[in-house]
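J.:
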Amino acid sequence: MPETRKLNYGEAVNAALHRLMAELPETLVYGEDVGLPGGVFGVTRGLRKQFGDRAFDTPISESAILGSAVGAAMMGRRPIVEIMWADFSLVALDQIVNQAANVRYVSGGRLTAPMTIRTQQGNAPGACAQHSQCLEALFLHVPGLRVCMPSTPQDAYDLLVTAVHCDDPVLVIENRTLYFGAKEEVTVGGPVQPMGGARVRRHGSDVTVVAWGAMTARVLDAAEALAADGIEVEVLETPWLNPFDTEAVLASAGRTGRLAVVHEANVTGGFGAEVVARVAGAGVPLLAPPIRVGAPDVRMPAAPILAQALLPDADRIAGEVRALVKG
Amino acid sequence: MSERRLADLLAMWRVRAFEEKVRELRLAGPIVGSVHLCIGQEAIPVGACDVLEPEDALFATYRGHGWALARGVPAERMFAELLGRETGVNGGRGGSAYFTAAEYGFHGENSIVGAGAPIACGAALAGRYDGSNRAAVTVFGDGAMNQGAVHEAMNFAAAFSLPVVFVCENNRYSELTPIADMVRTSRLADRAAAYGMPGYRIDGNDVEAVRFHVRDALEVAKENGGPTLLECMTERIVGHYIGDAENYRKPGEMDRIRAREPIARLRAGLLADGVPADEVDAVEARARAEMETAAAAALAAPFADPATAREHLYA
Ligand SMILES: Cc1ncc(C[n+]2csc(CCOP(=O)(O)OP(=O)(O)O)c2C)c(N)n1
Ligand SMILES: [Mg+2]
Chain D
1 MPETRKLNYG EAVNAALHRL MAELPETLVY GEDVGLPGGV FGVTRGLRKQ FGDRAFDTPI
61 SESAILGSAV GAAMMGRRPI VEIMWADFSL VALDQIVNQA ANVRYVSGGR LTAPMTIRTQ
121 QGNAPGACAQ HSQCLEALFL HVPGLRVCMP STPQDAYDLL VTAVHCDDPV LVIENRTLYF
181 GAKEEVTVGG PVQPMGGARV RRHGSDVTVV AWGAMTARVL DAAEALAADG IEVEVLETPW
241 LNPFDTEAVL ASAGRTGRLA VVHEANVTGG FGAEVVARVA GAGVPLLAPP IRVGAPDVRM
301 PAAPILAQAL LPDADRIAGE VRALVKG
Chain Z
1 MSERRLADLL AMWRVRAFEE KVRELRLAGP IVGSVHLCIG QEAIPVGACD VLEPEDALFA
61 TYRGHGWALA RGVPAERMFA ELLGRETGVN GGRGGSAYFT AAEYGFHGEN SIVGAGAPIA
121 CGAALAGRYD GSNRAAVTVF GDGAMNQGAV HEAMNFAAAF SLPVVFVCEN NRYSELTPIA
181 DMVRTSRLAD RAAAYGMPGY RIDGNDVEAV RFHVRDALEV AKENGGPTLL ECMTERIVGH
241 YIGDAENYRK PGEMDRIRAR EPIARLRAGL LADGVPADEV DAVEARARAE METAAAAALA
301 APFADPATAR EHLYA
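And the structure:
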């Protein structure tokens, strides 16, 4: 039975994991420090106690974590594995790109890898270049993977539930700066939501701003500031990036006549390029060339004062969107 | 004899005083982000760096402040790096977990577990072609022994008899998880045999033992004898990172750790040998004063200039 609980983002992930382990006996939860310690961010707390050896700690062996998830998934388990930072997936990309993503295709659907990779990414103050990257575009370039990036407690819950019920390999990219955010009312125990879809977080008529992940909140702050200047921003969050709700973007951009895409990842080769290309390719008439707002193409410095100069914040987003609208 | 031990004590106190000051600055606010201290593990960098030559290469981890200091990187520039100042060893680009000071023979921390090991192989390999007699030392934790890159590096170094010393700092934990739960054999040093290289488990809290074994391994390496694995047994007296609640500790564990920690041990040894207490304790005071001065200078330095944030990406 669905019920409403006050949960922050991290607690919502935890609630989803509890539900999934209870309703799907084939699930396993494992990764570095996720068992007894309950995760370095506390997100897997309580699972070991409640579900015993279906939740466990692993060596610092990302290839073995991901590869064993592929193999266990082939045999009918439904592993939910954690890669503590998205940056660490890079030491084991083979198991995601060459292995997990190929299983269904090469077997003509006779073999599948229904596994979920939970990870988190992005900059937090003081984090170094090896703990700050936003890698969603890398994974979105790989056919055969599903990718989502929830930014609210409700989506953190719903998207994970959907991901684990999905029979494809799904990457759920969380964000450590969101885990301990404000508690919100979250409906838990409801039906499994369909995969995909977009969220209109704010209605507006002058410009469509598409965003995902931790940038969504910054875009909403920017939209608030722009409203004071008389610019009405439509904020469209796309927490599912594959499948991506292209139709929702086309419809909104068609209505407002202007498009900006905001992501924390650096601009070149970012998924913003794909979104802009889809809108251009669809022939949506725009009043001004679309823009992408993201980090510049540079490594991420550890000093907060340097990182702040690179990461899109509400001021910079507002400035660029204002320029787009005012021409 | 007691002179060298007093020098060791001073070097270890410098590391500890640096780390304690870092903790203070992290908790008070000026240092931001994740910081991993090596308090309790000081004997390993101090013993090892004492026998490194300037041309040798050194690759450490995020728990690398002590290695940098022992290699001679000035404390002031390290504080400045952690504080995001212009005068930091990397101008604020590296931070606590990823700074580099090659001009001091410190080829960098690394915040990807195990990543330094293959790079050290390359530094050693380069010595074959550049006429130097360089050896490379790569440092990593017990947990890193389970990372694929470390296995590959050990075989690579062994197969080509590269002058690499693999220094494993076994502090019994990988973050919050005991290494004993993550391996079936308890002696990590035994793995060396599988690669055809010598492996020794040594007392990593005994600076003299570390010095002896690293010197030996370097000698073998430089005489074309190939790599060595040194498993240095130690403990961290602090959490994995500043803010770690350390819920994984067992009752009485910290008391046992403190009784074996390298600084208290060396101090007790010096006192037992009749070195006057005031002479021994002056060392601590001197190290602390140095670190206070260095930290104050770093705090007075200007912040890194945001206008430079995009510099140094390409040649
Ligand atoms: C490839 C990779 N996986 C995971 C991590 C996260 N992580 C950072 S430190 C650490 C524990 C390392 O333990 P150990 O090697 O024993 O070194 P110690 O921290 O004890 O010095 C982990 C899992 C990482 N930085 N890189
Ligand atoms: Mg360790």
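Which chain is which? The protein sequence lines are D and Z, in order.
So the first sequence is numbered by full-length UniProt numbering: it starts at 1 and just counts up by one.
So the second sequence is numbered by full-length UniProt numbering: it starts at 1 and just counts up by one.
For glycine and all other residues, C-beta sits at the position ideal for the given N, C-alpha and C.
Taking only three categories from DSSP, how would you classify I112 of chain Z?
T.: Your numbering for residue 112 of chain Z matches position 112 in the second sequence. In this structure, I112 of chain Z counts as coil in the three-state DSSP scheme.
J.: Is there a Cβ from chain Z that is less than 8 Å from the Cβ of C134 of chain D?
T.: By 1-based counting over the first sequence, the position of residue 134 of chain D is 134. Judged by the 8 Å Cβ criterion, C134 of chain D is not in contact with chain Z.
J.: Looking at chain D, is there any beta carbon in it that lies within less than 8 Å of the beta carbon of I119 of chain Z?
T.: As a first step, residue 119 of chain Z must be located in the second sequence, where it is residue number 119. It does not: the Cβ of I119 of chain Z has no partner Cβ on chain D nearer than 8 Å.
J.: Is T100 of chain Z close to chain D, meaning its C-beta is less than 8 Å from at least one C-beta of that chain?
T.: The residue given as residue 100 of chain Z occupies position 100 in the second sequence. No - not a single Cβ of chain D is within 8 Å of the one on T100 of chain Z.
J.: Beta-carbon separation of F212 of chain Z and C168 of chain Z under 8 Å?
T.: Residue 212 of chain Z sits at position 212 when you count from the first residue of the second sequence. Residue 168 of chain Z sits at position 168 when you count from the first residue of the second sequence. No, the pair does not count as a contact, with Cβ atoms beyond the cut-off.
J.: Distance, Cα to Cα, G226 of chain Z vs G127 of chain Z?
T.: The count along the second sequence starts at 1 and reaches residue 226 of chain Z at position 226. The count along the second sequence starts at 1 and reaches residue 127 of chain Z at position 127. Going by the C-alpha atoms only, they are around 13 Å apart.
J.: Is DSSP giving F212 of chain Z helix, strand or coil here?
T.: On the second sequence, position 212 is the one that residue 212 of chain Z refers to. Reduced to three states, the DSSP call for F212 of chain Z is helix.
J.: Mind pulling the chain Z residues with CB within less than 9 Å of V267 of chain D?
T.: If you number the first sequence from 1, residue 267 of chain D lands on position 267. By Cβ distance, chain Z contributes nothing, its closest Cβ being about 13 Å from V267 of chain D, past 9 Å.
J.: Taking all protein chains shown into account, decide if L27 of chain Z is buried (16 or more other Cβ within 10 angstroms of its Cβ) or exposed.
T.: Sequence index remark: in the second sequence, residue 27 of chain Z carries index 27 (1-based). Exposed, because fewer than 16 other Cβ atoms sit within 10 Å of the Cβ of L27 of chain Z.
J.: Using the C-alpha atoms, what's the distance from P30 of chain Z back to A214 of chain D?
T.: Residue mapping note: residue 214 of chain D aligns to position 214 of the first sequence, counting from 1. Residue mapping note: residue 30 of chain Z aligns to position 30 of the second sequence, counting from 1. Using only the alpha carbons, I get a separation of about 25 Å.
J.: Using a C-beta to C-beta distance shorter than 8 Å, which residues of chain D count as neighbours of R172 of chain Z?
T.: Here residue 172 of chain Z is taken as the residue at index 172 of the second sequence, counted from 1. In chain order: nothing, as chain D lies at least about 14 Å away.
J.: Hey, which unbroken runs of the beta strand (DSSP E) at 3 residues or more fall wholly within the region 74-113 of chain D?
T.: Counting whole runs of 3 or more residues, the region 74-113 of chain D contains the beta strand (DSSP E) stretches 78-83.
J.: Cβ of A64 of chain D within 8 Å of Cβ of L28 of chain D?
T.: Numbered from 1 along the first sequence, position 64 holds the residue referred to as residue 64 of chain D. Numbered from 1 along the first sequence, position 28 holds the residue referred to as residue 28 of chain D. No, they are not a contact pair.
J.: So, are the CB atoms of V32 of chain Z and P304 of chain D less than 8 Å apart?
T.: As a first step, residue 32 of chain Z is located in the second sequence; it is residue number 32 there, counting from the start. As a first step, residue 304 of chain D is located in the first sequence; it is residue number 304 there, counting from the start. It is a contact, given that the beta carbons lie within the stated cut-off.
J.: Residues of chain Z with CB closer than 7 Å to the CB of Q130 of chain D, please, in chain order.
T.: Taking the first sequence and counting its residues from 1, one reaches residue 130 of chain D at position 130. Under the 7 Å cutoff, chain Z gives Y98, S111 and I112.
J.: If we cut at 8 Å on Cβ distances, does I305 of chain D have a partner in chain Z?
T.: Here the question's residue 305 of chain D lines up with position 305 in the first sequence. Closer than 8 Å to some Cβ of chain Z, the Cβ of I305 of chain D qualifies, so yes.
J.: For V293 of chain D, count neighbouring C-beta atoms within 10 Å of its own C-beta (all shown protein chains included) and say buried if the count is 16 or more, exposed if not.
T.: On the first sequence, position 293 is the one that residue 293 of chain D refers to. Under this definition V293 of chain D is a buried residue.
J.: Quick one, which of Z:L83, Z:G84 and Z:V89 has its alpha-carbon nearest L69 of chain Z's?
T.: Locating residue 69 of chain Z in the second sequence gives position 69, where the first residue counts as 1. Per the Cα distances, Z:V89.
J.: Among residues of its own chain, excluding the 5 on either side of G35 of chain D, which ones have a beta-carbon nearer than 7 Å to its beta-carbon?
T.: Against the first sequence, residue 35 of chain D aligns to sequence position 35. These residues qualify, in order along the chain: R48, A55, F56 and D57.
J.: I'd like to know whether the C-beta of G122 of chain D is nearer than 8 Å to at least one C-beta of chain Z.
T.: As a first step, residue 122 of chain D is located in the first sequence; it is residue number 122 there, counting from the start. It does not: the Cβ of G122 of chain D has no partner Cβ on chain Z nearer than 8 Å.
J.: Got a sec: is the Cβ-Cβ distance from L310 of chain D to anything in chain Z below 8 Å?
T.: Within the first sequence, residue 310 of chain D is the residue found at index 310, counting from 1. Cβ-Cβ to chain Z under 8 Å: yes for L310 of chain D.
J.: Just to make sure I have the definition right: I need the residues of chain Z whose C-beta is within less than 7 Å of the C-beta of G126 of chain D. Which are they?
T.: Taking the first sequence and counting its residues from 1, one reaches residue 126 of chain D at position 126. Within chain Z, the residues near G126 of chain D are V32, G33, S34 and G95.
J.: If contact means a Cβ-Cβ distance below 8 Å, which residues of the region 176-194 of chain Z contact chain D?
T.: Result list: L176, T177, D181, M182 and V183.
J.: Mind checking who E174 of chain D pairs with in its DSSP beta bridge?
T.: One-based indexing of the first sequence puts residue 174 of chain D at position 174. The partner list for E174 of chain D (beta bridge, DSSP) reads D:Q120.
J.: With a threshold of 16 other CB atoms inside 10 Å of the CB of T44 of chain D, please say whether the residue is buried or exposed.
T.: Reading the first sequence from its first residue, position 44 is the one you call residue 44 of chain D. Buried: at least 16 other Cβ atoms inside 10 Å.
J.: Identify the residues that DSSP records as bridge partners of M233 of chain Z: which are they?
T.: The residue you call residue 233 of chain Z lines up with position 233 of the second sequence. For M233 of chain Z, which the question treats as bridged, DSSP gives the partners Z:N170 and Z:D203.
J.: Classify N123 of chain D as buried or exposed, calling it buried when 16 or more other Cβ atoms lie within 10 Å of its own Cβ.
T.: Within the first sequence, the letter at position 123 stands for residue 123 of chain D. By the neighbour-count rule (16 or more Cβ atoms within 10 Å), N123 of chain D is buried.
J.: Since I60 of chain D and Q147 of chain Z should fall inside the 8 Å C-beta cutoff, what is the C-beta to C-beta distance between them, to a whole number of angstroms?
T.: Sequence index remark: in the first sequence, residue 60 of chain D carries index 60 (1-based). Sequence index remark: in the second sequence, residue 147 of chain Z carries index 147 (1-based). The Cβ separation is near 5 Å, so the contact holds.
J.: Where V325 of chain D and V207 of chain D are concerned, what is the direct C-alpha to C-alpha distance, given to the nearest angstrom?
T.: Here residue 325 of chain D is taken as the residue at index 325 of the first sequence, counted from 1. Here residue 207 of chain D is taken as the residue at index 207 of the first sequence, counted from 1. Taking the straight line joining both Cα atoms gives about 7 Å.
J.: Note down, one range per segment and in chain order, each alpha helix (DSSP H) of at least 4 residues found wholly within the region 7-33 of chain D.
T.: Taking only runs of at least 4 residues, the alpha helix (DSSP H) segments lying wholly in the region 7-33 of chain D are 9-23.
J.: Compare the C-beta of R299 of chain D against all C-beta atoms of chain Z and say whether one is closer than 8 Å.
T.: Taking the first residue of the first sequence as 1, we reach residue 299 of chain D at position 299. Yes, because at least one Cβ of chain Z sits closer than 8 Å to the Cβ of R299 of chain D.
J.: Compute the distance between the beta-carbons of V188 of chain D and A211 of chain D, then report whether it is under 8 Å.
T.: Here the question's residue 188 of chain D lines up with position 188 in the first sequence. Here the question's residue 211 of chain D lines up with position 211 in the first sequence. Not a contact, by the Cβ cut-off of 8 Å.
J.: On the criterion of 16 or more Cβ atoms from any shown chain inside 10 Å, does R63 of chain Z qualify as buried, or is it exposed?
T.: The residue you call residue 63 of chain Z lines up with position 63 of the second sequence. That one is buried.
J.: What would DSSP say about A280 of chain D, mapped onto helix, strand or coil?
T.: The residue you call residue 280 of chain D lines up with position 280 of the first sequence. The answer is helix: DSSP assigns A280 of chain D an H, G or I state.
J.: Using DSSP with H/G/I as helix, E/B as strand and the rest coil, what is E86 of chain Z?
T.: Taking the first residue of the second sequence as position 1, residue 86 of chain Z is located at position 86. DSSP places E86 of chain Z in coil when its eight states are reduced to three.
J.: Starting from the C-beta of A223 of chain D, find all residues in its chain whose C-beta is less than 6 Å away, skip the five residues before and the five after it, and write them out in chain order.
T.: Translated into the one-based positions of the first sequence, residue 223 of chain D becomes position 223. Same-chain partners within the cutoff: R202, V233 and V235.
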